[in-house]
Amino acid sequence: MPVDERGLRRRALLAAGALALTGLMSAFAPRADAAGAGAEGAPVRLSAPTGPYAVGTTTRHLVDTARKDPWRLERGPREVMVSFWYPADRAEAHAGRPTAPHMEERAATHFGSSDGAGHRGYGVPAGAADWAGTRTHARVDAPAVRGGGPHPVVLYSAGLGDPRTWNTSLVEDLASRGYVVVTVDHTHDSSEVALPGGRLVPSVLPALAEQPGTDAAAVLRTAMKARVDDTRFVLDTLGGRVHRPVLPRGLADAMDLRHVGMVGHSAGGFTALEALHDDRRISAAVNMDGTMEYPGEGDVADRLGAAARDGVDRPFLLMGTDAEDSGEYGRQPSWKALWQHARGWRGNVTLTGSQHGSYTDASPLLPQLAQQRAVPWETVRRGIGTVPPQRATVATRAYVASFLDRFLRGTDDHLLDGPSARFPEMRYAR
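Here the sequence shown stands for residues -29 to -1, 1 to 401, where the numbers follow mature numbering (1 follows the signal peptide of the UniProt record, and there is no 0).
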């Protein structure tokens, strides 16, 4: 089967709809142009959050005893790891509490190995980056801020093959603005998931891609069902339908579960819209560059996800890139179908000069690795495009926050009303 290097390099286990067997394989193959392998550089830094609140974070292990793991049916119930990011009491947050790492040490080691998404998905040579040394701006287990709540809840789902940590720059910023954000690792899909008891569960997707006869559409359908089921299980848990996890002081009461939104990148964006379609507890959703169809032959209408096929009746925002198969909804068949079938507020913006990774931690981190000579600048351009990385981060934060403020809080800065002089690089589709 011939390999289309341009289309397959950028996605594979990162994009939702452009999955094909060759794509699954090629995105997890080592890159020939990687430079600087072997010498681990200095830790890179995430962009600082901009909101008025200090940020706390905590991680929990959740077990869905009502559901077998769809990837490993013989191994018992579904397990997921989630992290909470929330407005914290500033004085107590800084009273000797450690700053959280970007990734747990075992997860960081795998992410940066030859089998991890840092290398196979983003072109960073194995061992060239000190992923375990990167810190966030959040304090571990800090008490939630007193007063000003409860705060709207936002669920976050990463791209196919990406860990839940791979948009911490956006997530921390939302928490600093007064949201409680819950990031979800989709076990066996995410590049790696560190579970209790010293267990590290890597993604099954690379092995499936290399297996002769793998049905890429079936793989993606399994992944998407697992993701939506994970999302609904997390909401059940937060609402106490099964059990509610013990959380740092004040956090359980700080969550306003009457106002829930969801944000996702790539397959996570697909997940966000499918969950919006399936679960009325979710009031609004943001899809950052996630195709909403399954691969295969024949009419695209037969391959659409439920949200694109049926439409949704609650607000959504599509955030596209300048990649060939993204951008304005008219260029993206599943986005066009969703737009036509929707029965509520809808928005579509496109970041000029961007690529698929522009809406992730690739924007703040890959340029720093290039400055350290851990990756060539061409790897940065392929990952995040030509848009200035700082502008990509600022714009992503601003548009996601504006949307959530409008539909979860009822406050409107009018950024989404049309083109903005503040963000000339962001195109607005009517």
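Ideal placement from N, C-alpha and C gives every residue a C-beta, glycine not left out.
Check                                                                                                             : Outcome
Local Cβ density within 10 Å of residue 348, reported as buried at 16 or more and exposed below that              : exposed
Bridge partner(s) assigned by DSSP for residue 150                                                                : DSSP lists no partner for residue 150.
Backbone CA spacing between residue -2 and residue 295 [nearest angstrom]                                         : Low local confidence applies: a pLDDT of 40 at residue -2 is under 50, so the model's placement there is unreliable, with the coordinate-based value given in what follows. When rounded, the distance between both Cα atoms is 21 Å.
Residue from 18, 305 and 341 whose Cα sits closest to the Cα of residue 147                                       : 18
Buried or exposed by the 16-neighbour rule on C-beta atoms within 10 Å, applied to residue 177                    : buried
Beta-carbon separation (whole angstroms), residue 75 vs residue 165, contact threshold 8 Å                        : 5 Å
N-terminal and C-terminal residue of the beta strand (DSSP E) that residue 227 is part of                         : 226 to 236
Environment of residue 65 [buried if 16+ CB atoms lie within 10 Å]                                                : exposed
C-beta atoms of residue 329 and residue 363 nearer than 8 Å                                                       : yes
Own chain residues within Cβ distance below 6 Å of residue 137, not counting five before or after                 : 129, 331 and 332
Reduced DSSP category for residue -25 - H, G, I as helix; E, B as strand; rest coil                               : Confidence at residue -25 is low in this model, with a pLDDT of 33, below 50, so the placement of that residue should be treated as unreliable; the coordinate-derived value is given next. Helix, per DSSP.
Residue 339, buried or exposed, once every other Cβ within 10 Å from all chains shown has been counted against 16 : buried
Sub-8 Å separation of residue 190 and residue 151 beta-carbons                                                    : no
In chain order, each beta strand (DSSP E) run of at least 3 residues that lies wholly inside the stretch 3 to 64  : 25 to 39 and 48 to 59
Residues bridged to residue 76 [DSSP beta-bridge criterion]                                                       : Note: residue 76 sits in no beta bridge, so no partner.
As assigned by DSSP and simplified to three states, the class of residue 163                                      : strand
Residue 399 versus residue 44 - alpha carbon distance                                                             : 45 Å
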